[in-house]
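In this note's numbering, the protein residues as written are 95 to 875.
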């Protein structure tokens with residue numbers, strides 16, 4: 095339920111909306127408060143963008159035919175020190191028209207893309223929590239508020255073509271229900287409804303009564319809510335799910351991504367939320383993620399015919415279908431709980447002001463924190479991607495590796511290198527503008543790269559990072575994993591915002607002053623280790639160096655040496671930066687890992703070392719060991735399970751000094767005998783629509799086209815579209831999808847293209863060759 099605003103209240107922002115009214119733009123914020131949900135209306139607003147003073151006469155001429163806007167001279171300037179005017183529009187319609195006209199005539203626009211509902215909060219430093227004071231125009235202030243949301247997990251089961259809803263399930267800790275079409279006896283958790291229209295009405299009724307703040311699900315917008323909207327429109331039933339009685343609204347981006355809007359309610363998709371929190375899985379299918387996270391999966395586990403089994407259960411065993419439907423909801427619920435995803439999104443909102451359902455949003459997060467401070471410093475943000483380009487601005491530095499099979503390798507890692515470079519060397523868009531300004535005090539200037547000069551005293555970004563850095567250290571001490579992860583992602587995104595040519599603060603003087611400084615730090619660190627200690631640095635990547643102590647170095651002394659190296663380097667960098675730049679170093683190198691065995695492979699068909707590919711036997715602090723693979727075939731989903739499994743087992747046996755020749759021979763023999771066929775399935779992603787592959791049709795696309803033909807013969811829609819994954823075998827007649835696989839498997843292909851490459855990468859360092867070891871077996875088949 096909602097309550098009118100009688101006195102000040104504190105809450106957490108669920109949704110934000112903006113719409114045109116006769117008196118101006120009306121903003122609506124729905125808040126989750128301690129006891130209820132509150133809509134806050136902000137009337138009579140104007141949306142603003144900025145133009146250059148030198149163009150204001152032309153702007154006024156171009157907009158003379160429009161009503162509902164005004165201009166105002168402001169005490170603000172752009173990064174080229176040119177004064178600006180604000181254009182204020184009383185409606186969103188006029189705001190769009192103003193942009194269209196001015197962009198058509200190449201007028202420079204600044205900050206024109208920021209939604210007013212977001213700017214209103216941003217300029218008041220409101221990030222998640224808010225205190226509201228009543229009035230004709232309520233006053234909003236930032237507040238620290240911890241919400242307790244009402245969350246509801248939902249899931250639909252449909253016909254094969256998703257043109258009818260069969261059942262709908264709801265799950266929360268205190269509520270479980272399945273709406274099932276057809277006849278049956280109602281139970282505590284299953285309610286039978288006469289037809290699809292009755293199911294949709296019952297769905298709306300359940301939502302109204304339970305009154306969730308947040309819906310969660312799996313592909314819940316792209317499938318469940320899309321189907322709900324399509325079926326509601328087909329049956330002419332208003333899908334009124336909003337807290338104000340408004341309908342669900344879905345809209346599609348130019349890239350085909352679906353977005354949702356429900357007044358006062360948030361929809362969180364499990365896949366997008368996990369990806370945003372940097373989780374990675376071989377497959378984001380619910381069954382796969384659940385098995386990895388929860389050690390349990392869907393109740394129908396034969397994946398190849400799950401859709402058909404759902405149809406059979408609907409006709410023959412509705413109670414079993416209800417259990418399956420409800421378990422899918424519970425799987426999503428448990429994944430959200432296990433990963434603490436909602437707390438992660440709340441903490442992210444508190445730090446950045448992002449809506450909790452915002453997917454991605456690193457540039458928006460940057461804007462929310464940076465722009466209000468920039469405006470108070472007397473500047474507006476530049477036109478998109480208008481910064482200096484065409485300079486030498488490489489990415490992270492990756493050293494040439496020294497291939498080999500080693501003992502006693504240490505990894506030293508700079509903690510959050512790019513954020514610490516920004517803090518130390520004062521790298522900042524505002525600082526750059528102030529550093530390049532005529533009349534700046536020489537002792538306040540700090541050189542960057544590519545002719546960048548930064549102000550030491552006038553900065554914004556280094557202070558923002560310092561605040562986040564301290565907050566992350568506190569979160570770690572408090573074991574607040576959700577907050578620590580949110581801060582890490584935010585801090586690491588700042589370089590990307592400065593270095594991306596689709597972001598407003600893009601300028602290669604900024605990005606190169608970060609990356610080239612990183613190059614300098616990494617190469618100098620390598621040189622110091624080799625000069626001062628005599629150890630070889632066999633590899634380095636962006637923020638870490640791999641130090642070989644020597645095969646004869648005592649394993650029990652490796653940890654102490656790693657700590658010694660880190661302490662020495664931190665002191666060395668502190669001294670150097672004070673002497674060279676009169677700067678306090680924020681660089682922090684940590685001793686991270688001890689590998690008692692380590693492999694740096696060569697590039698295929700070359701004697702040069704690889705980059706971003708290695709494996710090692712890691713020695714843990716408790717004395718135990720475990721295998722670590724980076725970038726090798728066993729962690730890449732485009733290699734077959736058999737190749738990946740063999741590589742893992744082979745490397746581990748060699749690293750641990752165990753017998754390994756039998757493993758190769760037995761694996762090859764078992765494969766030829768057909769005992770390992772299920773491990774020979776390729777799984778690859780179809781990047782674009784199948785019909786778009788014209789000249790080049792790689793094996794997985796050929797398999798997709800065969801599958802499409804198969805489904806057409808079955809009078810079914812093909813499940814393969816842009817972004818889909820396909821599984822197939824390589825047969826003597828080419829690639830064949832698992833749905834219609836019938837030809838003999840081409841075992842020679844798997845021997846040559848899968849098993850040999852993953853084995854040869856390490857065998858060359860132990861004096862063996864895969865082809866020689868398997869020659870007798872090859873002649874038998």
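All residues carry an ideal CB built from backbone N, CA and C; glycine is no exception.
query, result
"Validate contact between the stretch 229-237 and the stretch 381-390 using beta carbons, cut 8 Å, 3 pairs", "no"
"C-alpha gap between residue 792 and residue 372, whole angstroms", "30 Å"
"Spatial distance of residue 281 from residue 362 (CA atoms)", "29 Å"
"Contact check, residue 501 vs residue 355, beta carbons under 8 Å", "no"
"Selected residue, minimal CA-CA separation from residue 821, among 843, 773, 867", "773"
"Whole runs of the alpha helix (DSSP H) within the stretch 496-553, excluding any shorter than 4 residues", "511-519, 523-529"
"Selected residue, minimal CA-CA separation from residue 544, among 504, 560, 495, 611", "611"
"Alpha-carbon spacing of residue 566 relative to residue 633, whole angstroms", "29 Å"
"Contact under 8 Å by Cβ, residue 171 with residue 481", "no"
"Residue of 158, 572, 647, 841 minimising C-alpha distance to residue 737", "841"
"For residue 249, the nearest candidate out of 257, 256, 261 (CA to CA)", "261"
"When 154, 686, 739, 829 are compared against residue 68, the one with the closest alpha-carbon", "Only positions 95 to 875 of the chain appear in the structure, and residue 68 is not among them; the question remains open."
"Contact set for residue 616: own chain, Cβ-Cβ below 6 Å, skip 5 residues either direction", "491, 634"
"Runs of alpha helix (DSSP H) lying entirely within the stretch 548-597, each at least 4 residues, in chain order", "555-571, 575-593"
"Residue 852 (DSSP reduced to helix, strand or coil)", "helix"
"Inter-residue spacing [alpha-carbon to alpha-carbon] between residue 719 and residue 742", "14 Å"
"Alpha-carbon to alpha-carbon, residue 159 and residue 144", "19 Å"
"Residue 532 versus residue 521: straight-line alpha-carbon distance, rounded", "19 Å"
"Test item: CB-CB of residue 656 and residue 685 under 8 Å", "yes"
"With 16 other Cβ atoms within 10 Å as the buried cut-off, status of residue 780", "buried"
"Chain-order list of residues whose beta-carbon lies under 7 Å from that of residue 833 (same chain, five-residue window excluded)", "801, 804"
"From 588, 603, 608, 667, residue whose alpha carbon lies closest to that of residue 618", "667"
"Same chain, Cβ closer than 6 Å to residue 503, neighbours up to 5 away in sequence not counted", "640, 642, 689, 692"
"Where residue 437 sits in the DSSP three-state scheme", "helix"
"C-alpha gap between residue 552 and residue 524, whole angstroms", "8 Å"
"Whole-angstrom distance between residue 286 and residue 307, CA atom to CA atom", "26 Å"
"Residue interval of the alpha helix (DSSP H) (run including residue 139)", "From DSSP, residue 139 is part of no alpha helix (DSSP H) but of the beta strand (DSSP E) over 131-139."
"Beta-bridge pairing of residue 606 - partner residues as DSSP gives them", "DSSP, once it has assigned bridges, lists no residue as partnering residue 606."
"Pairwise C-alpha distance: residue 477 and residue 446", "22 Å"
"DSSP state of residue 375 mapped onto helix, strand, coil", "coil"
"Whole-angstrom distance between residue 374 and residue 837, CA atom to CA atom", "34 Å"
"Nearest neighbour of residue 740, chosen from 164, 845, 674 [CA to CA]", "845"
"Three-state secondary structure assigned by DSSP to residue 391", "coil"
"Residues near residue 97 in its chain [Cβ-Cβ closer than 7 Å; skip 5 each side]", "Summary for residue 97: the model assigns pLDDT 49, below 50, so the residue's position carries little reliability, and this model does not support an answer."
"Buried versus exposed, by CB contacts within 10 Å (16 or more), residue 734", "buried"
"For residue 854 and residue 863, believed in contact at Cβ under 8 Å, the rounded distance", "7 Å"
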